[in-house]
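A quick write-up on the structure given underneath.
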Amino acid sequence: MLARASLRYLLRYPWQLGLTVAGVAIGVAVVVAVDGATSAAERSFQDSMDAVSGRATHRVVGGAQGLNEVLYRKLRVGLVMRHSAPVLEGFVKVRGETLRLLGVDPIAEAPIRDYAAFGGDIPVDRLITEPGAVLLARATGTRLDLALGDRFNVTVSGRMRSVHLLAHLASAGQPRAAIDGLMIADIATAQTLLNRFGRLSGIDLKLPAGLQGERLRTRIAALLPADARIEPAAARSQAMAQMTHAFATNLTAMGLLALLIGMFLIYSTMSLSVLRRRSLIANLRMLGANRIQIFRLVLMEALGLSLLALAIGLPGGAVLAQGLLALVTRTINDLYFTLSVNIWAVDAATLTKGAALGIGASLLAALGPAVEAARATPLEARTRSHLERGARRLVAWLAPAGVAVMLAGALLLTAGQSLWLGFVALLLISAGYALITPAAVAIMMKLAQAPLASWFGLPGRLAARGAQASLSRTAVAIAALVVSVAATAGVTIMIDSFRGSVAAWLGSTLRADIYVTTPASDVEGAESILSPTLVRRIENVQGVADAEAHRWVTVQARTHEVRLHVIETSPSARLGFLIKAGDPQAARRAFRRGTAVLASEPYAYKHQRIPGDSIVLRTDHGERRFRIAGTFYDYGSDQGVVAMPRALYTRWWRDRNISSLGVRLSQRVPARQVQAQLRAAVHGSQPVLIRDTGELRAQTMAIFDRTFAITQVLRLLTVVVAVVGVLSAFMALLLERGKEFAVLRATGFTQGQIVALITGEAGLLGLCTGLLAMPLGVVMSVVLIEVINRRSFGWSMPVSIAPEALFHALALALAAALAASIYPGFKAATLRPAAGLRAE
1 MLARASLRYL
11 LRYPWQLGLT
21 VAGVAIGVAV
31 VVAVDGATSA
41 AERSFQDSMD
51 AVSGRATHRV
61 VGGAQGLNEV
71 LYRKLRVGLV
81 MRHSAPVLEG
91 FVKVRGETLR
101 LLGVDPIAEA
111 PIRDYAAFGG
121 DIPVDRLITE
131 PGAVLLARAT
141 GTRLDLALGD
151 RFNVTVSGRM
161 RSVHLLAHLA
171 SAGQPRAAID
181 GLMIADIATA
191 QTLLNRFGRL
201 SGIDLKLPAG
211 LQGERLRTRI
221 AALLPADARI
231 EPAAARSQAM
241 AQMTHAFATN
251 LTAMGLLALL
261 IGMFLIYSTM
271 SLSVLRRRSL
281 IANLRMLGAN
291 RIQIFRLVLM
301 EALGLSLLAL
311 AIGLPGGAVL
321 AQGLLALVTR
331 TINDLYFTLS
341 VNIWAVDAAT
351 LTKGAALGIG
361 ASLLAALGPA
371 VEAARATPLE
381 ARTRSHLERG
391 ARRLVAWLAP
401 AGVAVMLAGA
411 LLLTAGQSLW
421 LGFVALLLIS
431 AGYALITPAA
441 VAIMMKLAQA
451 PLASWFGLPG
461 RLAARGAQAS
471 LSRTAVAIAA
481 LVVSVAATAG
491 VTIMIDSFRG
501 SVAAWLGSTL
511 RADIYVTTPA
521 SDVEGAESIL
531 SPTLVRRIEN
541 VQGVADAEAH
551 RWVTVQARTH
561 EVRLHVIETS
571 PSARLGFLIK
581 AGDPQAARRA
591 FRRGTAVLAS
601 EPYAYKHQRI
611 PGDSIVLRTD
621 HGERRFRIAG
631 TFYDYGSDQG
641 VVAMPRALYT
651 RWWRDRNISS
661 LGVRLSQRVP
671 ARQVQAQLRA
681 AVHGSQPVLI
691 RDTGELRAQT
701 MAIFDRTFAI
711 TQVLRLLTVV
721 VAVVGVLSAF
731 MALLLERGKE
741 FAVLRATGFT
751 QGQIVALITG
761 EAGLLGLCTG
771 LLAMPLGVVM
781 SVVLIEVINR
791 RSFGWSMPVS
801 IAPEALFHAL
811 ALALAAALAA
821 SIYPGFKAAT
831 LRPAAGLRAE
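When we follow my numbering, the leftmost residue of the sequence shown carries the number 1, and every step to the right adds one.
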């Protein structure tokens, strides 16, 4: 009987049912999409790293120039290391797609990597002897429209090289996606393509376990030159995966916010359901239903709604995940490393997680209404006045409770440096503010009654009173809208502040007029080297005042890799570092003299370094200690950078290469004329990119905007969930206040006045929502900038609150409330008075 009564009620109001299911479904879809996209990127990365590492337990790696291939012969012959294989890695571009090039020795590969043991359909002898012979996965070849035997061009550091597809790779037990985007060549072919003759990226080793393996590792370490080391094979993949950890965490938090708003919607729906059926519940109690049965009834309704939402949200999340995956992959390629993802984003684990979160959140949100329904006696359930008194008492208690929760969140911000603690603190502050919202709206409505009555007469007074009286049904939806609009405002302020800081940083950092790089600089992980001849040609062009040389290399500290930015500048040129910590003048003097280095702010934060500390780096002459003279603002990498003067670098490293040039022009020669002369000077030599400062700045800001594209999508979906909640609340009000509207029509109110009344109530609630969202949005932006952003990426920046961001938040809240009132207003206006009065 209880189940039939519940089903009849839900089917009687399909709009309510549909809106609730839609809101929760969107929340579930966002969580599934975010988890699916980030998990797919992580799986694809791990699979590709496993394909490269194979069964290797350790790898020997070198410094900036890699390893001399002579070392491999020493290990292979001197130590009889049969389970060893040389590797040369790089990146090439084929028809617009970036592929990872892996140079191997097919004869030595069997113990380390399978690829069908380089047998079967793969002619090993031809792979070794034929110049330009390469292997690709069948899926990669199909995507690039390449058939077996086809000859095609690859671009390496701007140079075109001709290769031919010898055979297709077999996955040999690994996921097919693991070898997608991978190009295999004999190591001699790879050395030719990458112009790294006699060099290796590393030597993969398969060492036995236990004491025997440890002894062998010690013997190998004793043979290594000063700039080489032996490390576990998983060390590199773990370090690279750690780069994206904070990025994935931030996306997960945004997804959970959408689900949290969905929980508000479930709570609101179940509360309204209990309120509207108080007479039915009282009758059921008098007919013998006990408290436990009523409690179970409400929870089973919530479970049924969540299952319907899952039926829509899980497939929708899977589709949305594919779109988000493209944005996630693009962001990783822009900021971290080259990643090719060609797999379906959602797996069983992601769907299970989404289902568990959806059901759990729905049941948790329905717990309060279920307790309220079960606790009320039959007499109390039939008395509306008892309900309203209880709602007023609850509002009075919620306000101080909200203040306490906000204080707890504020205290949590000072507890440690955990990123998740920061998110929990932000959640507590938002939840506490949501608890205060009903009392704040009630006060605002009470204060608005007199002005509205004087301006609009009776309709104005009724609108204010109606908005205040309806808070027992709309408070939860309004609180959800406040939080979602505040989150939108907070993220907008954070992005605007970040954008302003990046623009100021670019203005200080880009000191030259023109920058010359190789095309490889646009491919993350590819090495960019300008030939010495080209550098001399550029320096000798008329109108070039001086050229600042830059070199980007990755070196090893004791516990981590360090991205080193080597700079050679003329004594008269201004160093563009914005010093954050340390004496700016002293830091710049020490840098120019070649006696110290500068650390970027993210590096100093992540590795706990301050001016005066030192960093130990492994050089070509062994470990050396370098003093940090100061830290500087840098938004180019959240992993951190150490800047080193070229004189200091060449003292300890044999590398003399230059990655890029910053060219400063003479004032006596027009800039366009110098650019034309530069292009003429480099014509016919090494392919290069010549870009002026404005073009480089625009490109950087475009990457910045792409980085936050996924954030914009997620916050839009969050607002959609909140708007659905408000629409659901207004629909419920329409159903409950049918008699009230019928009485107003019978006493002379026109259809237009009914619409104006409902629209006025919605507008007042929307206005209050926007005004309340403003301070919370500002607080959110401060927490996002000073805590979340700092702990995630190590960046600091001033909070820049633009009035436009707050105005947009107010407009969004007002528009959402007014839009949600359109259909209920139309339905109320078209309701026949006689039918409305008979309904009671």
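All C-beta atoms in this analysis are idealised placements derived from N, C-alpha and C, irrespective of residue type, glycine included.
Point to revise | Ranges of the alpha helix (DSSP H) found wholly within the segment 785-836, counting only runs of at least 4 | key: Complete alpha helix (DSSP H) runs here, min 4: 789-793, 803-830.
**Study point:** Burial state of alanine 829, where buried means 16 or more other Cβ atoms lie within 10 Å
**Key:** Locating residue 829 in the sequence shown gives position 829, counting from the first residue. The Cβ neighbour count for alanine 829, taken over all protein chains shown within 10 Å, is at least 16; the residue is labelled buried.
Practice item. With DSSP collapsed to three states, give me the class of leucine 19. Key: Position 19 of the sequence shown holds residue 19. DSSP places leucine 19 in helix when its eight states are reduced to three.
Check your understanding: Would arginine 624 pass as a contact of tryptophan 653 if the rule is Cβ separation under 7 Å?
Key -> Here residue 624 refers to the residue found at position 624 when the sequence shown is read from its first residue. Here residue 653 refers to the residue found at position 653 when the sequence shown is read from its first residue. No, Cβ-Cβ distance for arginine 624 and tryptophan 653 is not below 7 Å.
Exercise for review: On a CA-only basis, which of Ser570, His683, Arg465 is nearest glycine 662? Give me that one, please.
Suggested key: Mapped onto the sequence shown, residue 662 falls at position 662. Nearest of Ser570, His683, Arg465 to glycine 662, Cα basis: Ser570.
Review point. Just how far apart, CA to CA, sit asparagine 153 and arginine 664?
Key: Working through the sequence shown from its first residue, we reach residue 153 at position 153. Working through the sequence shown from its first residue, we reach residue 664 at position 664. When rounded, the distance between both Cα atoms is 35 Å.
Point to revise | Whole-number beta carbon distance between arginine 59 and isoleucine 203, since they are thought to touch under 8 Å | key: Along the sequence shown, read from residue 1 onward, the residue named residue 203 stands at position 203. Along the sequence shown, read from residue 1 onward, the residue named residue 59 stands at position 59. The C-beta distance from isoleucine 203 to arginine 59 rounds to 7 Å, short enough to fall under 8 Å.
Review point. Over what stretch of residues does the beta strand (DSSP E) that includes glycine 766 continue unbroken?
Key: Numbered from its first residue, the sequence shown carries residue 766 at position 766. DSSP places glycine 766 outside any beta strand (DSSP E); the residue lies instead in the alpha helix (DSSP H), whose first and last residues are 751-783.
Review point. From which residue to which residue does the beta strand (DSSP E) around threonine 352 run?
Key: Within the sequence shown, residue 352 is the residue found at index 352, counting from 1. It is not in any beta strand (DSSP E) - threonine 352 instead sits in the alpha helix (DSSP H) that spans 348-375.
Practice item. Work out the CA separation of glutamate 109 and alanine 117 for me, nearest whole Å. Key: In the sequence shown, the residue the question calls residue 117 occupies position 117. In the sequence shown, the residue the question calls residue 109 occupies position 109. Only weak support is given to the placement of alanine 117: the predicted model assigns it a pLDDT of 42, under 50, and the value that follows is read from those uncertain coordinates. When rounded, the distance between both Cα atoms is 7 Å.
Check your understanding: By a C-beta neighbour count over all protein chains shown, 10 Å radius and 16 as the cutoff for buried, is glycine 119 buried or exposed?
Key -> Looking up residue 119 in the sequence shown gives position 119. Summary for glycine 119: the model assigns pLDDT 45, below 50, so the residue's position carries little reliability; its value from the coordinates is reported in the next sentence. Glycine 119 should be labelled exposed.
Check your understanding: Relative to the alpha-carbon of valine 724, which residue among Arg672, Ala816, Val30 has its alpha-carbon at the smallest distance?
Key -> Taking the sequence shown and counting its residues from 1, one reaches residue 724 at position 724. For valine 724, the nearest C-alpha among the options comes from Ala816.
Practice item. From the DSSP output, in three-state form, read off glycine 594 for me. Key: Indexing the sequence shown from 1 puts residue 594 at position 594. Looking at glycine 594 - three-state DSSP - the assignment turns out to be coil, as it is neither helix nor strand.
Exercise for review: Could you tell me which residues DSSP puts in a beta bridge with arginine 229?
Suggested key: In the sequence shown, residue 229 corresponds to position 229, counting from 1. Assignment of beta-bridge partners to arginine 229 by DSSP yields Val61.
Check your understanding: Does the beta-carbon of arginine 588 have 16 or more other beta-carbons within 10 angstroms, so that it is buried, or is it exposed?
Key -> By 1-based counting over the sequence shown, the position of residue 588 is 588. Arginine 588 comes out buried.
Point to revise | Where valine 70 falls, given that 16 or more other Cβ within 10 Å makes a residue buried | key: On the sequence shown, position 70 is the one that residue 70 refers to. By the beta-carbon neighbour count (other beta carbons within 10 angstroms, threshold 16), valine 70 is exposed.
Review point. Straight-line CA distance for lysine 580 to arginine 499?
Key: Looking up residue 580 in the sequence shown gives position 580. Looking up residue 499 in the sequence shown gives position 499. Whole-angstrom Cα-Cα distance: 18 Å.
Point to revise | Cβ separation of glutamine 686 and threonine 518, assumed to be a contact under 8 Å, to the nearest whole Å | key: Taking the first residue of the sequence shown as position 1, residue 686 is located at position 686. Taking the first residue of the sequence shown as position 1, residue 518 is located at position 518. Sure, about 7 Å apart at Cβ, within 8 Å.
Review point. What is the DSSP secondary structure of leucine 307, counted as helix, strand or coil?
Key: Sequence index remark: in the sequence shown, residue 307 carries index 307 (1-based). Helix, per DSSP.
Review point. DSSP three-state call for methionine 81: helix, strand or coil?
Key: Sequence index remark: in the sequence shown, residue 81 carries index 81 (1-based). Here methionine 81 sits in coil by DSSP.
Review point. Excluding the five sequence neighbours on either side, which residues of its own chain have a C-beta within less than 7 Å of the C-beta of asparagine 657, listed in chain order?
Key: Taking the sequence shown and counting its residues from 1, one reaches residue 657 at position 657. In chain order, Ile529, Arg551 place their CB closer than 7 Å to the CB of asparagine 657, counting only its own chain and leaving out the 5 sequence neighbours on each side.
Check your understanding: To the nearest angstrom, how far is it from the Cα of serine 745 to the Cα of leucine 303?
Key -> Residue numbering aside, residue 745 sits at position 745 when the sequence shown is read from its first letter. Residue numbering aside, residue 303 sits at position 303 when the sequence shown is read from its first letter. Going by the sequence as given, residue 745 is arginine instead of serine. Distance from the CA of arginine 745 to the CA of leucine 303, rounded to the nearest whole angstrom, comes to 39 Å.
Check your understanding: With glycine 490 and leucine 716 assumed to form a contact (beta carbons below 8 Å), what rounded beta-carbon distance in angstroms separates them?
Key -> Reading the sequence shown from its first residue, position 490 is the one you call residue 490. Reading the sequence shown from its first residue, position 716 is the one you call residue 716. Not quite, the Cβ-Cβ distance comes to about 14 Å (not below 8 Å), so this is no contact.
Point to revise | Neighbour-count burial assignment, glycine 825, 16 or more Cβ in a 10 Å radius | key: Locating residue 825 in the sequence shown gives position 825, where the first residue counts as 1. In the assembly as shown, glycine 825 is a buried residue. Its beta-carbon has 16 or more other beta-carbons within 10 Å.
Check your understanding: In chain order, which continuous runs of the beta strand (DSSP E) of length 3 or greater are located wholly inside the segment 139-227?
Key -> List check, beta strand (DSSP E) in window: 151-156, 159-169, 182-186, 202-205.
**Study point:** Own chain residues within Cβ distance below 7 Å of alanine 681, not counting five before or after
**Key:** Reading the sequence shown from its first residue, position 681 is the one you call residue 681. Answer for alanine 681: Arg537, Ile538, Val541, listed in chain order.
Check your understanding: From glutamate 840 to leucine 427, what does the alpha carbon distance come to, in whole angstroms?
Key -> Start at 1 with the first residue of the sequence shown, and residue 840 comes out as number 840. Start at 1 with the first residue of the sequence shown, and residue 427 comes out as number 427. With a pLDDT of only 46 at glutamate 840, under 50, the local geometry of the prediction cannot be trusted, and no value is derived from it.
Review point. Alanine 133 lies in the beta strand (DSSP E); which residues open and close that run?
Key: Sequence index remark: in the sequence shown, residue 133 carries index 133 (1-based). It spans 133-137 - the beta strand (DSSP E) in which alanine 133 sits, taken as one unbroken run.
Review point. Going by Cα to Cα distance, which pick from Gly630, His164, Ser614, Asp613 is closest to leucine 578?
Key: For the purposes of this step, residue 578 is taken as the residue at position 578 of the sequence shown. Relative to leucine 578, the option among Gly630, His164, Ser614, Asp613 whose CA is nearest is Gly630.
Review point. For serine 796 versus arginine 790, is the C-beta distance shorter than 7 Å?
Key: Working through the sequence shown from its first residue, we reach residue 796 at position 796. Working through the sequence shown from its first residue, we reach residue 790 at position 790. Contact flag set, yes.
Practice item. Consult DSSP for arginine 551 and reduce its assignment to one of helix, strand or coil. Key: Translated into positions along the sequence shown, residue 551 becomes position 551. Looking at arginine 551 - three-state DSSP - the assignment turns out to be strand.
Check your understanding: Among the residues of its own chain, which have a CB less than 8 Å from the CB of proline 208, if the five just before and after it don't count?
Key -> Walking along the sequence shown from the start, residue 208 turns up at place 208. Around proline 208: Leu216.
Practice item. Determine the burial state of lysine 93: buried for a count of at least 16 other Cβ atoms within 10 Å of its Cβ, exposed for fewer. Key: Your numbering for residue 93 matches position 93 in the sequence shown. Only buried fits lysine 93, as 16 or more other CB atoms lie within 10 angstroms of its CB.
Review point. Which same chain residues, not among the five before or five after threonine 769, have their C-beta less than 7 Å away from its C-beta?
Key: Numbered from 1 along the sequence shown, position 769 holds the residue referred to as residue 769. Correct list, in chain order: Ile478, Leu481, Val482, Val485, Ala813, Ala817.
Review point. Around the C-beta of methionine 494, are 16 or more other C-beta atoms found within 10 angstroms, so that it is buried, or is it exposed?
Key: Residue 494 sits at position 494 when you count from the first residue of the sequence shown. Methionine 494 is buried by the Cβ-count criterion.
Review point. Does the beta-carbon distance from isoleucine 187 to valine 134 come in below 7 Å?
Key: Mapped onto the sequence shown, residue 187 falls at position 187. Mapped onto the sequence shown, residue 134 falls at position 134. No; because the gap between Cβ atoms is not below 7 Å, this pair is not in contact.
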